[in-house]
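Protein chains in written order, with our numbering: chain A, 216 to 572; chain B, 216 to 572.
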């Protein structure tokens, strides 16, 4: 059995569960490397992965004997098979934040489970702490992202549309070793930048535009996340104060981060600083990054929680002035014993593309 | 109030519900046009949309007075507000196939709901029947997809990788009026085509390759879905029989489709025909297409259900020979009174790219 599954078995035993149904495909991938549609059953003695004909060939190629997982084709299973999986199991865990109410009822009935127990982000919590291999993958994803930003400095010109830039980013990622996008790229120019979650539009980039680019790729399943706000032609005077305020806050947070930093107090500091200047932080200050681009820990004042070594998080303060413009600056960082290692290293001073001469 | 929300209110009244929580963002978009993160509450007298600061600006731009929806910022709501929404409502509906078990418990508690009722795909069932406006959008998405296929015939050459072709497809979509991809494009060449859900890889296209391209775009939220299996250089003799068998079945199904066609019997016919030739249909024969690329009705023998006018579905028989190759051919079609209108019109005869001379 692989080490991650062994860890899970020990963990659920300690919680007095005799089995667990892992439905969230991200958690299945974390435990097994499988990237497919299916369900992982941790039973008293064995581990099973149930999938369908579309994935059988691929799954069997990925798994080794060492994984200790028996693969079943869903169409070969009958009612009795399901009932036998958790026979003599008193308590079986499930992912209550992933499983729908409908699936919950169906599972209970199909597997004849007496006590179906909530597992409270058991796997997500473990996933917060990255091992060496995971960190290397995230570093590679961040490196490709930095290279992409460097490329964009030359590529972005007046006349291009937001959509064209977004697709160029994806093309760069794919052609430079990434699996693909970690999330839908945001390219928001001019007024569009005032919406934190703007979708790339057909708006044409003009000189004097501010341009927020929020992008990230996946490398072997692991994500990067970086935002830069840049300028086209020149830096408009009225935007400098806001840019400087966001950047100062972002740098200050990164300087303070280390094992033990308290999420609530970091977030409150930034909120307070923005408030002093008349602005509100419209979204969380940050979030964990790993197999998902947004995962726990969420960095906002709602969470009174301390960071730990080997967490990877993104820090992304932003200011958004409705109908005018917005600025967001974001890096992915690795928390260490005494500080943090900034994994996305692109320039954060005023970056001006297609400069007016 | 807009007609779709009026329909929903009548419908739930008929089911003896006094309110409904609509959580699935696709259903929210269907009812309101809103494309954001938030929750729609249909209460006794009013409709509310609760979202967060990131989306407020956009949502207020989309909604008109005619929609009759009051927008709330989630951070301005207190415990009592939640309790008041469904005051004096005996039965409140929810989407049990979307809401997680965790959300279910949280909603019950937060809104103080006594009877939280399953709504059994109420909205998804209505979404199956497309109105004129929806059909026009799907037709446009299909037209862009056909144009893309035409472009690919010239673009695909030996030496390109699967990933390069996939990104070129997305680029074409975005530059030709689509919102973006309807789903992750499949470009599976050579042996990779034997996996129905292969992901584009770095494999380089060679002469003699078979190439399955499963692609679709979104236009104003509505999807297209089309698969073509094509040949590079020439058509290998050993692949012709399989190609012909899949094509014959696909065409036969399209000829038979009309209002009243039974999903089970259509699917069984194809399964039987493939079986006679020693093959198994590894996936459903098809599925509904609309705001989601895969929606009900699912076309497989598990469903004893008749098609209705104005449904839009994709029909995609396929044969997959492990470790060798696969063929899938798929069109998006509109069900009419007496037949079906094929909305994706790309060539289905042997298409040979980068032809050897």
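All residues carry an ideal CB built from backbone N, CA and C; glycine is no exception. Computed from a predicted model, the values in this text were never measured in an experiment.
Cβ distance (whole Å) where residue i is taken to contact residue j below 8 Å
i: residue 476 of chain A; j: residue 559 of chain A; result: The pair is not a contact, with the Cβ atoms about 19 Å apart (cut-off 8 Å).
i: residue 226 of chain A; j: residue 337 of chain A; result: 6 Å
i: residue 537 of chain A; j: residue 464 of chain A; result: Not quite, the Cβ-Cβ distance comes to about 20 Å (not below 8 Å), so this is no contact.
i: residue 489 of chain A; j: residue 534 of chain A; result: 6 Å
i: residue 359 of chain A; j: residue 432 of chain A; result: 5 Å
i: residue 461 of chain B; j: residue 543 of chain B; result: 7 Å
i: residue 570 of chain A; j: residue 423 of chain A; result: Incorrect: roughly 12 Å between the Cβ atoms, too far for contact.
i: residue 297 of chain B; j: residue 320 of chain B; result: The Cβ separation is near 14 Å, so there is no contact.
C-beta atoms of residue i and residue j nearer than 8 Å
i: residue 506 of chain B; j: residue 241 of chain B; result: yes
i: residue 258 of chain B; j: residue 301 of chain B; result: yes
i: residue 500 of chain B; j: residue 482 of chain B; result: yes
i: residue 428 of chain A; j: residue 402 of chain A; result: yes
i: residue 322 of chain B; j: residue 265 of chain B; result: no
i: residue 486 of chain B; j: residue 516 of chain B; result: yes
i: residue 286 of chain B; j: residue 299 of chain B; result: no
i: residue 413 of chain B; j: residue 400 of chain B; result: no
i: residue 421 of chain A; j: residue 376 of chain A; result: no
i: residue 509 of chain A; j: residue 478 of chain A; result: no
i: residue 415 of chain A; j: residue 368 of chain A; result: no
i: residue 243 of chain A; j: residue 256 of chain A; result: no
i: residue 315 of chain A; j: residue 551 of chain B; result: no
Close Cβ partners of residue i (< 8 Å) along its chain, the five nearest in sequence each way excluded
i: residue 330 of chain B; result: 305, 306 and 307
i: residue 540 of chain A; result: 405, 406, 408, 409, 425, 454 and 457
i: residue 561 of chain A; result: 360, 361, 364, 365, 441 and 443
i: residue 411 of chain A; result: 497, 498, 533, 535, 541 and 543
i: residue 268 of chain A; result: 288 and 290
i: residue 292 of chain B; result: 265
Strand pairing of residue i, partner residues [DSSP]
i: residue 306 of chain A; result: A:330
i: residue 555 of chain B; result: B:550
i: residue 502 of chain B; result: B:529
i: residue 541 of chain A; result: A:535
i: residue 266 of chain A; result: A:253 and A:288
i: residue 429 of chain B; result: B:401 and B:442
i: residue 237 of chain B; result: B:255
i: residue 419 of chain B; result: B:376
i: residue 344 of chain B; result: B:526
i: residue 396 of chain B; result: B:432
Cβ neighbours of residue i in the same chain (closer than 6 Å, five flanking residues each side left out)
i: residue 385 of chain A; result: 396
i: residue 211 of chain A; result: Because chain A here runs from 216 to 572, residue 211 of chain A falls outside it and cannot be looked at.
Straight-line Cα distance separating residue j from residue i
i: residue 523 of chain B; j: residue 345 of chain B; result: 10 Å
i: residue 251 of chain A; j: residue 497 of chain B; result: 15 Å
i: residue 529 of chain B; j: residue 520 of chain B; result: 16 Å
i: residue 290 of chain B; j: residue 281 of chain B; result: 26 Å
i: residue 217 of chain A; j: residue 223 of chain A; result: 10 Å
i: residue 270 of chain A; j: residue 221 of chain A; result: 25 Å
i: residue 549 of chain A; j: residue 513 of chain A; result: 15 Å
i: residue 398 of chain B; j: residue 553 of chain A; result: 43 Å
i: residue 564 of chain B; j: residue 446 of chain B; result: 11 Å
i: residue 341 of chain B; j: residue 231 of chain B; result: 18 Å
i: residue 170 of chain B; j: residue 546 of chain A; result: Missing from the structure shown is residue 170 of chain B; chain B here goes from 216 to 572 and no further.
i: residue 317 of chain B; j: residue 335 of chain A; result: 10 Å
i: residue 511 of chain B; j: residue 556 of chain B; result: 19 Å
i: residue 393 of chain B; j: residue 568 of chain B; result: 25 Å
i: residue 339 of chain A; j: residue 525 of chain B; result: 43 Å
i: residue 430 of chain B; j: residue 387 of chain A; result: 21 Å
i: residue 418 of chain B; j: residue 272 of chain A; result: 18 Å
i: residue 295 of chain A; j: residue 327 of chain A; result: 10 Å
i: residue 234 of chain B; j: residue 391 of chain B; result: 42 Å
i: residue 343 of chain A; j: residue 474 of chain A; result: 13 Å
i: residue 459 of chain B; j: residue 572 of chain B; result: 24 Å
i: residue 253 of chain A; j: residue 263 of chain A; result: 10 Å
i: residue 484 of chain B; j: residue 527 of chain A; result: 52 Å
Heavy atom of the ligand FAD within 7 Å of residue i beta-carbon
i: residue 464 of chain B; result: Among the components modelled here there is no ligand, and therefore nothing to report on the ligand FAD.
Close beta carbons around residue i, own chain, < 7 Å, minus the five adjacent residues each side
i: residue 437 of chain A; result: 349, 352, 353, 356, 505 and 506
i: residue 277 of chain B; result: 248 and 249
i: residue 239 of chain A; result: 310 and 313
i: residue 494 of chain A; result: 534
i: residue 492 of chain B; result: 460
i: residue 219 of chain B; result: 245 and 246
Chain E residues whose Cβ lies nearer than 7 Å to that of residue i
i: residue 389 of chain B; result: Among the chains of the structure shown, chain E does not appear; the protein chains present are A and B.
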